[in-house]
Amino acid sequence: MALEHIFAAEDERSVLQRSITVTLMIASLGVIFGLFSGAYSIVFDGVYSLVDASMSTLALAVVRLITSHAVDLDLPRKWRERFTMGFWHLEPIVLGLNGTLLVCVAIYALINAVMRLIAGGNELQFGSAFAYAMVTACTCFSMAVIESRANRRIQSDFLRLDIKSWIMSGGITTALLVAFAIGYAIHGTTLSHWSSYVDPLALAFVSLVIIPIPLAEIRRSLMELLLVAPPDLKAHVDTVAQRFVQRYAFLYFRSYVAKVGRSREIELYFIVQREAAAKPLTEWDAIRDEIGNALGGDDAHRWLTIIFTSDPAWAE
Numbered sequence: 000m001a002l003e004h005i006f007a008a009e010d011e012r013s014v015l016q017r018s019i020t021v022t023l024m025i026a027s028l029g030v031i032f033g034l035f036s037g038a039y040s041i042v043f044d045g046v047y048s049l050v051d052a053s054m055s056t057l058a059l060a061v062v063r064l065i066t067s068h069a070v071d072l073d074l075p076r077k078w079r080e081r082f083t084m085g086f087w088h089l090e091p092i093v094l095g096l097n098g099t100l101l102v103c104v105a106i107y108a109l110i111n112a113v114m115r116l117i118a119g120g121n122e123l124q125f126g127s128a129f130a131y132a133m134v135t136a137c138t139c140f141s142m143a144v145i146e147s148r149a150n151r152r153i154q155s156d157f158l159r160l161d162i163k164s165w166i167m168s169g170g171i172t173t174a175l176l177v178a179f180a181i182g183y184a185i186h187g188t189t190l191s192h193w194s195s196y197v198d199p200l201a202l203a204f205v206s207l208v209i210i211p212i213p214l215a216e217i218r219r220s221l222m223e224l225l226l227v228a229p230p231d232l233k234a235h236v237d238t239v240a241q242r243f244v245q246r247y248a249f250l251y252f253r254s255y256v257a258k259v260g261r262s263r264e265i266e267l268y269f270i271v272q273r274e275a276a277a278k279p280l281t282e283w284d285a286i287r288d289e290i291g292n293a294l295g296g297d298d299a300h301r302w303l304t305i306i307f308t309s310d311p312a313w314a315e
């Protein structure tokens, strides 16, 4: 497959760039075919793709910022001084904004569909509409499969959302394909008076299907922005920390964790006995290295703070 060869062994940014290019092509095709055929459902499909492409472009810019900060490349000194905590927080912002925009577009399309149904529907050219839906559906599902294979290695939240968008777009276009096939079949028959309702009905159905889908992504992004501790990460950190409490006879520990985009933010405080024998700093650093290795994870996207203190006030 030619498209699969294009996406083979690519990094996150390259896959997103190619995805944006294909999305813009489909969006332009949708608007042109929609206006030509009189199908407002196709125009909506094109506008939906344009919104998706614009958010993918924004996601690409955020990926560049996050990567540049993580690997210390191509980032102006002033930016590094002003964003000392990195750019991970931009990821859930973009993902949440993307979901919100898609919901708003779908609600607007639903309102328009209802208005057109009340007005008696609209006529459209079923032949060109059917051809557009067929080509677009095949492209969307092909892109979803290709990106899924690439993301098995990359493991990117942005690509995961982009894959979901391709599947949604493919599902939307498949629904339109079925609707246009039905409209074409009844056109010129005794049921032809119903054909004018095919387009607004298809648009209403697609809008109702789309509206709930991004809500999970919006909720997930909101949880990350509010620094809600993921249960699995908290459990893992607590298990590792407890092992070190027992190994080095610490009194207890306190852990604070959050997931923000692709980053894992972890703060660990170990309460040491006041009467414990003094250790050189190099020994404490060695214990920190042990704990960091035991926690695991991608060091480039992990914000880890480990503190040893005999004063519990520092940990609370």
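Following numbering that gives the first Met the number 0, the numbering of the sequence shown begins with 0 at its first residue and continues without gaps. Think of the CB as a built atom: it goes at the ideal place given N, C-alpha and C, for glycine as much as any other residue. Quick caveat: nothing in here was measured; it's all calculated off a predicted structure.
When burial is assigned at 16 or more other CB atoms within 10 Å of the CB, is residue i buried or exposed?
{"i": "A277", "result": "exposed"}
{"i": "L225", "result": "exposed"}
{"i": "A8", "result": "For A8, the predicted model reports a pLDDT of 46, less than 50, meaning its position is unreliable; a value from the coordinates is still stated below. With fewer than 16 other Cβ atoms within 10 Å, it is exposed."}
{"i": "H192", "result": "exposed"}
{"i": "C139", "result": "buried"}
{"i": "K77", "result": "exposed"}
{"i": "P213", "result": "buried"}
{"i": "I270", "result": "buried"}
{"i": "S309", "result": "exposed"}
{"i": "A275", "result": "exposed"}
{"i": "G126", "result": "exposed"}
{"i": "M84", "result": "exposed"}
{"i": "M114", "result": "exposed"}
{"i": "L89", "result": "buried"}
{"i": "E3", "result": "Confidence at E3 is low in this model, with a pLDDT of 49, below 50, so the placement of that residue should be treated as unreliable; the coordinate-derived value is given next. With fewer than 16 Cβ atoms within 10 Å of its Cβ, E3 is classed as exposed."}
{"i": "Y251", "result": "exposed"}
{"i": "V256", "result": "buried"}
{"i": "N150", "result": "buried"}
{"i": "I117", "result": "exposed"}
{"i": "G98", "result": "buried"}
{"i": "L280", "result": "exposed"}
{"i": "D298", "result": "exposed"}
{"i": "P75", "result": "exposed"}
{"i": "Y131", "result": "buried"}
{"i": "I5", "result": "Legend: pLDDT at I5 = 48, less than 50; position of this residue unreliable, value from coordinates given subsequently. Classification of I5: exposed, given that the 10 Å Cβ count is below 16."}
{"i": "G169", "result": "buried"}
{"i": "E80", "result": "exposed"}
{"i": "L190", "result": "exposed"}
{"i": "V42", "result": "buried"}
{"i": "G182", "result": "buried"}
{"i": "Q272", "result": "exposed"}
If residue i and residue j are in contact, beta carbons under 8 Å, what's the gap, nearest whole angstrom?
{"i": "P199", "j": "A112", "result": "5 Å"}
{"i": "L109", "j": "A203", "result": "6 Å"}
{"i": "R263", "j": "R301", "result": "5 Å"}
{"i": "G33", "j": "S48", "result": "Incorrect: roughly 11 Å between the Cβ atoms, too far for contact."}
{"i": "D161", "j": "L23", "result": "The Cβ separation is near 14 Å, so there is no contact."}
{"i": "A55", "j": "S18", "result": "Residue identity check: residue 55 is Ser in the sequence provided, not Ala. 6 Å between Cβ atoms; contact."}
{"i": "L94", "j": "S220", "result": "5 Å"}
{"i": "F179", "j": "A128", "result": "5 Å"}
{"i": "A201", "j": "R253", "result": "Not quite, the Cβ-Cβ distance comes to about 56 Å (not below 8 Å), so this is no contact."}
{"i": "L289", "j": "F157", "result": "Reading the sequence as shown, one finds Glu at residue 289 and not Leu. Contact flag wrong, Cβ pair sits at about 33 Å."}
{"i": "L175", "j": "V205", "result": "7 Å"}
{"i": "V50", "j": "L100", "result": "5 Å"}
{"i": "D44", "j": "I185", "result": "In fact, because the Cβ distance is near 22 Å, the residues do not count as touching under 8 Å."}
{"i": "Q154", "j": "G37", "result": "Contact doesn't hold; Cβ gap of about 44 Å is too wide."}
{"i": "L267", "j": "I217", "result": "In fact, because the Cβ distance is near 31 Å, the residues do not count as touching under 8 Å."}
{"i": "A143", "j": "I166", "result": "5 Å"}
{"i": "A234", "j": "T173", "result": "The Cβ separation is near 41 Å, so there is no contact."}
{"i": "P91", "j": "V259", "result": "6 Å"}
{"i": "E122", "j": "S195", "result": "6 Å"}
{"i": "I265", "j": "L207", "result": "Contact doesn't hold; Cβ gap of about 42 Å is too wide."}
{"i": "V46", "j": "V104", "result": "7 Å"}
{"i": "F307", "j": "W283", "result": "6 Å"}
Taking residue i as part of the alpha helix (DSSP H), name the residues at either end of that continuous run.
{"i": "A215", "result": "214-224"}
{"i": "N97", "result": "89-118"}
{"i": "I153", "result": "125-153"}
{"i": "A180", "result": "156-185"}
{"i": "P199", "result": "197-209"}
{"i": "M24", "result": "11-36"}
{"i": "E80", "result": "76-81"}
Less than 7 Å between the CB of residue i and some heavy atom of the ligand FMN, yes or no?
{"i": "L280", "result": "The ligand FMN is not among the ligands present in this structure, which contains no ligands whatsoever."}
Is any beta-carbon of chain D found at less than 8 Å from that of residue i?
{"i": "S127", "result": "The chain labelled as chain D is not found in the depicted structure, where only one protein chain is given."}
Could you name each continuous alpha helix (DSSP H) segment of 4 residues or more that falls completely within the region 228-312, going from the start of the chain to the end?
230-246, 280-294
I'd like the ranges of any beta strand (DSSP E) spanning at least 3 consecutive residues and lying wholly in the region 34-65.
none
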